[in-house]
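Scroll down for the structure; my scribbles are underneath it.
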Amino acid sequence: MSGINQVQINPQAGLTFASGLRSFLRQDPNIIMVGEIRDSETAELAIQASLTGHLVFSTLHTSSAAGALPRLLDMGAEPFLLASSMTLVAGQRVARLLNPDFKEAYTPEPEVIANIKQVLGPHYVQFCKEKNLDPEKLQLYRSRADRPEDQLEYKGRIAIFEVIRVTDEVEKLILQRAPASEVEKIAITQGTLVMKQDGYLKALEGLTTLEEVLRIAEI
């Protein structure tokens with residue numbers, strides 16, 4: 005693509021994420037995408053690049069979006085630099101899509117309904133309003149019992165997300181080296197949907213099953 009330079013890392017030849025990032029910065033890029041932040045050197049360079057006006061995207065292996073912040077601190081990132089450079093953190097997991105040609109709606113057990121309403125809170129009422137649904141008639145979806153043997157129960161994939169904006173309150177938690185649980189708690193009060201909630205909403209839409217959401221969201 006025009007205007008984009010891509011480099012494949014080769015640690016055996018001395019080309020690591022960190023050395024590649026140093027090279028990119030000499031080219032005065034507008035946007036930098038680092039495949040993965042694996043060590044303290046790469047984390048430090050990514051933060052410095054962000055502080056000098058570059059938009060930096062990267063990935064980390066953590067169990068949640070909130071977990072990315074203490075993970076970077078554990079790598080040696082300075083709290084005041086991380087708080088100043090971080091804008092947004094997104095977490096995702098991939099769920100299997102129900103086969104749209106062979107699915108059916110059903111009414112779950114009362115305890116399941118209670119759990120969904122408890123987990124979603126006000127988001128459930130908002131969802132029902134947006135979809136013009138009766139909040140008292142909660143339905144989920146599953147594969148039809150008469151699905152032919154040559155048809156799959158699931159077909160395709162869909163991601164469930166959680167996105168945390170680094171607001172002033174979140175910045176304060178970074179400076180305090182607060183645990184991921186505290187970051188997530190503040191983010192929820194600011195409107196963030198955690199992955200389990202996003203998964204529940206997608207199950208209510210009939211995109212996947214509740215069992216599939218629980219399989220991947222409670223790891």
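Oh and the sequence shown: position 126 is 130 in the working numbering, straight run, nothing missing. Cβ atoms here follow ideal geometry from the backbone N, Cα and C, with glycine treated the same way. Treat the numbers as computed from the prediction; the structure is a model and nothing was measured.
DSSP bridge partner residues for residue i (one or two, in chain order)
{"i": "residue 95", "result": "166"}
{"i": "residue 188", "result": "Note: residue 188 sits in no beta bridge, so no partner."}
{"i": "residue 60", "result": "36"}
{"i": "residue 108", "result": "146"}
{"i": "residue 100", "result": "161"}
Distance between beta carbons of residue j and residue i, contact taken as under 8 Å
{"i": "residue 128", "j": "residue 121", "result": "5 Å"}
{"i": "residue 221", "j": "residue 203", "result": "5 Å"}
{"i": "residue 207", "j": "residue 144", "result": "6 Å"}
{"i": "residue 63", "j": "residue 40", "result": "5 Å"}
{"i": "residue 199", "j": "residue 75", "result": "Contact flag wrong, Cβ pair sits at about 16 Å."}
{"i": "residue 148", "j": "residue 108", "result": "5 Å"}
{"i": "residue 22", "j": "residue 45", "result": "4 Å"}
{"i": "residue 167", "j": "residue 92", "result": "7 Å"}
{"i": "residue 42", "j": "residue 216", "result": "Residue 42 to residue 216, Cβ: 30 Å. No contact."}
{"i": "residue 126", "j": "residue 132", "result": "Not quite, the Cβ-Cβ distance comes to about 11 Å (not below 8 Å), so this is no contact."}
{"i": "residue 186", "j": "residue 177", "result": "6 Å"}
{"i": "residue 181", "j": "residue 49", "result": "The Cβ separation is near 21 Å, so there is no contact."}
{"i": "residue 47", "j": "residue 79", "result": "5 Å"}
{"i": "residue 201", "j": "residue 137", "result": "Wrong, their Cβ atoms sit about 17 Å apart, outside the cutoff."}
Cβ neighbour criterion (16 or more within 10 Å) applied to residue i
{"i": "residue 95", "result": "buried"}
{"i": "residue 161", "result": "exposed"}
{"i": "residue 141", "result": "exposed"}
{"i": "residue 59", "result": "exposed"}
{"i": "residue 37", "result": "exposed"}
{"i": "residue 28", "result": "buried"}
{"i": "residue 90", "result": "buried"}
{"i": "residue 24", "result": "buried"}
{"i": "residue 191", "result": "buried"}
{"i": "residue 230", "result": "With the chain covering only 5 through 223, there is no way to say anything about residue 230."}
{"i": "residue 31", "result": "exposed"}
{"i": "residue 188", "result": "buried"}
{"i": "residue 8", "result": "exposed"}
{"i": "residue 153", "result": "exposed"}
{"i": "residue 130", "result": "exposed"}
{"i": "residue 164", "result": "buried"}
Residue-level contact to chain C via CB, residue i, 8 Å cutoff
{"i": "residue 84", "result": "Note that chain C does not occur in the displayed structure, where there is just one protein chain."}
Decide if the region 73 to 89 is in contact with the region 100 to 115; the criterion is three or more beta carbon pairs, one per stretch, under 8 Å apart.
-> no
Check: Where are the alpha helix (DSSP H) runs, 4 residues long or more, that stay fully inside the region 128 to 179, in chain order?
Finding: 172 to 179
Which parts of the region 64 to 89 are runs of the alpha helix (DSSP H), unbroken and 4 residues or longer, counting only runs that do not cross its ends?
-> 72 to 78 and 83 to 89
Fill in: Every unbroken alpha helix (DSSP H) within the region 7 to 52, with a cutoff of 4 residues, ordered by chain
21 to 29
Contact between the region 43 to 58 and the region 163 to 172 (3+ Cβ pairs under 8 Å)
no
### Message
Three Cβ pairs or more, each shorter than 8 Å: is that satisfied between the region 70 to 81 and the region 96 to 111?
### Response
no
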